[in-house]
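Q: In numbering that gives the first Met the number 0, the protein residues as written are 0 to 1130.
We treat Cβ as the ideally placed atom computed from N, Cα and C, and that holds for glycine.
For clarity, every value in this text was computed on a predicted model and none was experimentally measured.
Below: one structure in structure tokens.
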Amino acid sequence: MSSQFKCTTCDISGSGESLMKHLTSVRHKTIMDNKTHELVSCEECSNNNIHQLQIIRFGGDDMVLLCDPCFKELYSGITRPSTAYSLSNGTILMYWNRYITVRDCTCEQCGKDNNLNVDPNSKVYCNDCLKTKPNSKNYVSEDSGKFLYVLLSIKEPKLNSNNGKKNKRITRRKGRFAKKGKSIKSRNSNNDTNNNSSTTSGSGYSKGGRPATKSSSTSKTTTTGSSKFSSKKNNNKNPEGVLKKINAVAYRNRKDNTKIESSTKLNLRSFSGFKAVTSDTNLAATIEQNAERNISRSQSSSNLSGNKSNRPLGMNMALLNKPGELMRALSSTDLVNKGNKQNQKKDKNNKSKDEKNKKNKIKEKEPVKKNEKRKNEKKEKKESAPIIDASVSWGDSNGWGTASWDATPQPSSNKENIPTPKSKKEKTPPSKKEKTPPSKKHETETPTKSNNKNKKTEKKSKNDVEPAEEGVQIPKFNRFTPKLTFPDLTTYLDTFSQAMFLEQKLENAFLEDFQISWSKNTKERVFLVEFKTSGNEELKRLILPHLVGKTKNPFNERQPLMLTTIDESLVWYTFIKEVKEERNRIKLLLELFPWNKMSLPSKLGSKHLKLLPVSAQANRIMFAMTRITNPKFIDLLLGNKKLKPIYFNNRLKFSRSSLNKSQRDAIEYVLNNSVTLIQGPPGTGKTSTIEELIHQIIANFHSFPILCVAASNIAIDNIAEKFVNNTKGIKVLRIVSDRKESEYNMSHPLGKICLHNIVYDMLPPDLKREEDLLRSRGKSAISAKSEKRLFLAKGSLVNKITAQAQIICTTNITAGGRQLKSTKEIPTVIMDESTQSSEASTLVPLSLPGIKSFLFVGDEKQLSSFSNIPQLEMSLFERILLNGTCGEPQMLNTQYRMHPMISEFSIKRVYNDKLLNGVTEKQKSWPGIKYPLFFYQCDFGYEERAYSNGSNTGGFSYNNRYECEAILEIVYKLIKEKNIKLDNIGIITAYSAQRDLLSEILLNDPLINPSKQEMIRETDEDEYLNKNDYPGQNLQSHVVNIVNKLQIATVDSFQGHEKEFIIFSCVRNNADNKIGFLSDKRRLNVALTRAKNGLIIVGNKTVLKNGQTIWSDFIKFLETKKVIFDNLEDY
């Protein structure tokens, strides 16, 4: 029966089997034997991390307990163990008793532990004592190689007698019972004089059981006897040996690629700190006023532009510009108190001001009571706190359709009446006097200011809360302008950290229920945070769905957390240096990131501070910030040094004669320079250029792997498809995020090159069964032991596959995942659709190790990513162009996608005639299509606002039912009269609500979807920094709906796509001639350049023409071409 053990981290006790399951699920490290109160630790170095330990048996000679590093140091290349028991195979604690029996084995008569003998009844005597015993012939000597088999009653293997020829014998370690607690190294010196006869001739071990060194008298024998395992030649022939070497290299690379350099040697065990107590009443009063001003002004808590008029509220700007003086203030009681979490809620208690002042003067002598009070005070907040893992912006769980939207007619201006529009169906929208308020659903979803604010603040906040229009930035952030250059890397990282704080606080809820302790050494950049786990709703929100019920700990080492004052005027950026679980408590040792300019506020108590967790995407971005060390890339990010271009004729032999001069020139430039920008307007062959470039790198430089990244999966798939069926033996690998693995199965066009599918095929049958259970039923379907074994096997295969890949295709954020951590260097990185990648997300691939060349491929004339924070919206591609770091980009100047009539306006108005047509009208003509460019004048009814049922912030979009009806007629006409297949048609619109309404109509139409197929929904949401449904940004802008092969999407999500025929729904139709974010020149350019053969635009030309200059020019262009029609019969 196995011993009872205890996890010293959380004090949980149980059998060996139950404790091993516990350890694999929570990653605790230290285990104690309840019988002996002895820690399970390495004999050699006392390492007690059970995840690194193994009990090793060498045949019938000995059984030892060592950590992995010590085992490799002592036994690598000398002998092969018979059996190893570890946590990974779920056996280490099951064999603990046997190990103790061997380790503590001594003569029962005199207590000696050397020259022992054992009989079948496990009686043990030394040589001297055995002479006094009868039947001495029944005893087996420890030098016989059978000692352990008899001692532990283990059945001896049949081939054991031949082991000595193939595997070098060892002797049992001595002195372990008498010297428990000391390392074996210290014992060996004592054993040398007593155990001269303990090592048999040619055993390969010196006295005391340690492996012999090269200078030992047995070294020659050792080398000869272990040649099978130490010979490099033989190992290379052994696939297992090669795999072990790959894993060893991968382990070292992963260790280097995942560490954050620490400024301290402190850990949770050595940390000594104190809980700060603030009792200055002036302090508390001032911070409350600051917090109120923040809310009443409804402004941002951080300034990215440096404009004093936009300074962070609640703090002295002079102090902000002098971090030293600011932190001296923070370390004294003269600083503005950063908001008392309790004081902000006292208005609910009908107590006098005198009572409040008395409470402010009382020191925090009882932190436990304070925590309990704080916990009670937060009950009202729990219902309104946003869920951190929100995955759908607009609508219900389905994310689309009528259930997703609460549509109301668009209210008009207060100054003029809405004229009655013409309508062929006599439908009149409500006039401006009949304003339809948002539905009750929307009203209940709109959040109010927190109840802990004073009445004046509440009144002000209600007036300030306005529904936000899709795609329109929040007004309070509009005044911030992104910086184009930075004086140093610290300022750069601090600026982007501030921007990410602003973005993340829109997405995630703050943590306030914790205790904080500061280091007694004020120079230290670490501090301690403790959470109670019992009933802590804040922590429950952070736990991933598949881990709910399995753990109470949502934290991991290196995870970023942002520490801020209660009024959010000051922010410190930290990461978890160490995490420890105790009974009903979690301890975090947090350390400041290196770029923090301010010291820790050691005079502020827990009630004056709060913590902000960040999304998984932001987590990877902030880790990438710690890895930016390449001097060339640092200069690129700062923007102060101009990159000198190198021009050289490499006399390349191009694989295709179809490449035009601009494509060939761009490839030559990339091969000569470390940083290159290629501008690729729509249809100019960006993907074909990238394909040829990769072939040239493989042929001429043999530099692998080549990493191809982009913000969206569709852009990466376009590149990967070029190589998936290649005949040149190029090894291409597609890595997708965990959430995308089920979508990219073997039936997917790229399924056979996807990493997770290749790994699955290489698993042994028993592990395949475990993987099938895991995929179909989740982690609860397999044991912790099996899960661990599966994890290790898959990790080993991932190391091998990625090490052999020549091309790796993945997204920006996934590039920062575990799959590439084992790669030592990535010489070349190619980023497609660079303008769609925010600069923050670009840091992930830019920070990968060993990059020598980085290529940005994009088009600043097309759409960039959306963010409410301008610094996060601009791409690095755009900023480099604006600050002139790289000069003019290499432009691909010939388009091959569009009919010349479709491309004409964009060529003249957007690209200033620098773009050429590489196709003729004849080549792009389609039978039966008279007008490749067709504008249908649709002004039968007004747009409607559609309020999001799922929004916590009252965002709204627009739809237009009249345009939907017109589009349905157009689709009928295309498929019935023009014989165009549905999969050749795409419908795009600026607004998510219109996309969802169109999807619903088409899904239920008997002609479009006669077999009533379910709608397919493709999304890239897991790759974007913004995941919540905050107003002004829409997660579903990255969604494509597919109804019976007919694609319906927003303009933003269709960037990078193309179709033979595109129907563009403009949606906007109102008396005020407002067109919202449809006025963006880049959005119009994207919409006009998706079609190959035919583009049909549905909208109201009057509203669009008066909405913005670019639309005015476009309508005039259409009028000149005489392609605006009031009747679909003309098409």
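(1) Just list the residues that DSSP pairs glutamine 889 with in beta bridges.
(2) Check whether the stretch 551-561 touches the stretch 523-542, taking contact to mean three or more Cβ pairs, one atom from each stretch, closer than 8 angstroms.
(3) Following the continuous beta strand (DSSP E) through cysteine 66, name the residue where it begins and the one where it ends.
(4) Nearest-angstrom Cα distance between cysteine 885 and threonine 893?
(5) Would you call aspartate 831 buried or exposed, if buried means 16 or more other Cβ atoms sit within 10 Å of its Cβ?
(6) Please report the straight-line C-alpha distance between serine 661 and leucine 692, rounded to a whole angstrom.
(7) Return helix, strand or coil for glutamate 511, following the three-state DSSP convention.
(8) Using the three-state DSSP reduction, which class does serine 205 fall into: helix, strand or coil?
(9) Examine the ligand FAD and report whether any of its heavy atoms sits within less than 7 angstroms of the Cβ of alanine 989.
(10) Suppose only complete runs of 3+ residues qualify. What are the beta strand (DSSP E) ranges in the stretch 499-573, listed by chain order?
(11) Report, in whole angstroms, the separation of the C-beta atoms of alanine 623 and valine 828, which I expect to be a contact under 8 angstroms.
(12) Residues in the same chain with beta-carbon distance under 6 angstroms from glutamate 141, minus the five sequence neighbours each way, listed in chain order, please.
(13) Looking at the secondary structure, which residues open and close the alpha helix (DSSP H) in which valine 471 lies?
(14) To which residues of the same chain is isoleucine 1041 closer than 6 angstroms at the C-beta, ignoring the five residues directly before and after it?
(15) Where serine 85 and lysine 787 are concerned, what is the direct C-alpha to C-alpha distance, given to the nearest angstrom?
(16) Indicate the three-state DSSP secondary structure (helix, strand or coil) for asparagine 33 in the structure shown.
(17) Rounded to the nearest angstrom, what separates lysine 730 and leucine 854 at their Cα positions?
(18) Return helix, strand or coil for cysteine 69, following the three-state DSSP convention.
(19) How many angstroms separate the CA atom of threonine 7 from the CA atom of asparagine 47?
(20) Secondary structure at lysine 1120, three-state DSSP: helix, strand or coil?
(21) Taking its Cβ as the centre, do 16 or more other Cβ atoms sit within 10 Å of glutamine 803, making it buried, or is it exposed?
(22) Going by the beta-carbon positions, is the gap between lysine 739 and serine 673 smaller than 8 angstroms?
(23) Hey, glutamine 1046 and valine 1039: beta-carbon distance below 8 angstroms or not?
(24) Quick one: give me the first and last residue of the alpha helix (DSSP H) that leucine 129 is part of.
(25) On the DSSP letters alone, give me the boundaries of the beta strand (DSSP E) that valine 1039 sits inside.
(26) Check each candidate in Glu903, Lys975, Asn1126 and Lys980 and name the one with the smallest Cα separation from leucine 1117.
(27) Can you tell which of Lys1058, Ser1078 and Lys71 has the C-alpha that lies nearest to the C-alpha of asparagine 1105?
(28) Given that a residue counts as buried once 16 or more other Cβ atoms are within 10 Å of its Cβ, and exposed if not, what is cysteine 753?
(29) Grouping DSSP H, G and I as helix and E and B as strand, with all else coil, what is tyrosine 491?
(30) Take tyrosine 94 and list the residues in its own chain whose beta-carbon comes closer than 6 angstroms to its own, dropping the five residues that flank it on each side.
(31) Please confirm whether phenylalanine 1063 and alanine 1048 have their CB atoms less than 8 angstroms apart.
(32) By how many angstroms is the C-alpha of asparagine 88 removed from the C-alpha of phenylalanine 592?
(33) Can the beta-carbon of glutamate 590 be found closer than 8 angstroms to that of valine 525?
(34) Count Cβ pairs between the stretch 653-668 and the stretch 866-873 that sit closer than 8 angstroms; are there 3 or more?
(35) Counting only runs of 4+ residues fully inside the stretch 618-690, write out the alpha helix (DSSP H) ranges in chain order.
(36) Go ahead and pull the three-state DSSP assignment for alanine 710.
A: Quick look at the numbers:
(1) Ile677
(2) yes
(3) 61-66
(4) Whole-angstrom Cα-Cα distance: 22 angstroms.
(5) buried
(6) 13 angstroms
(7) coil
(8) Residue placement at serine 205 is flagged as unreliable, the pLDDT there being 35, under the threshold of 50; the coordinate-derived value follows with that caveat. Correct three-state label for serine 205: coil.
(9) Ligands displayed in this structure: none; no statement on the ligand FAD is therefore possible.
(10) 514-518, 525-531 and 559-564
(11) That pair is no contact at about 13 angstroms.
(12) Leu115 and Arg171
(13) Careful: valine 471 lies outside any alpha helix (DSSP H) and carries neither H nor E.
(14) Ile1015
(15) 11 angstroms
(16) coil
(17) 21 angstroms
(18) Residue state for cysteine 69 is assigned as helix, using DSSP reduced to three classes.
(19) 11 angstroms
(20) helix
(21) exposed
(22) no
(23) yes
(24) 126-129
(25) 1038-1042
(26) Glu903
(27) Ser1078
(28) buried
(29) helix
(30) Ile54 and Tyr84
(31) No, the Cβ-Cβ distance between phenylalanine 1063 and alanine 1048 is not below 8 angstroms.
(32) 37 angstroms
(33) yes
(34) no
(35) 630-637 and 660-671
(36) The answer is coil: DSSP assigns alanine 710 none of H, G, I, E or B.
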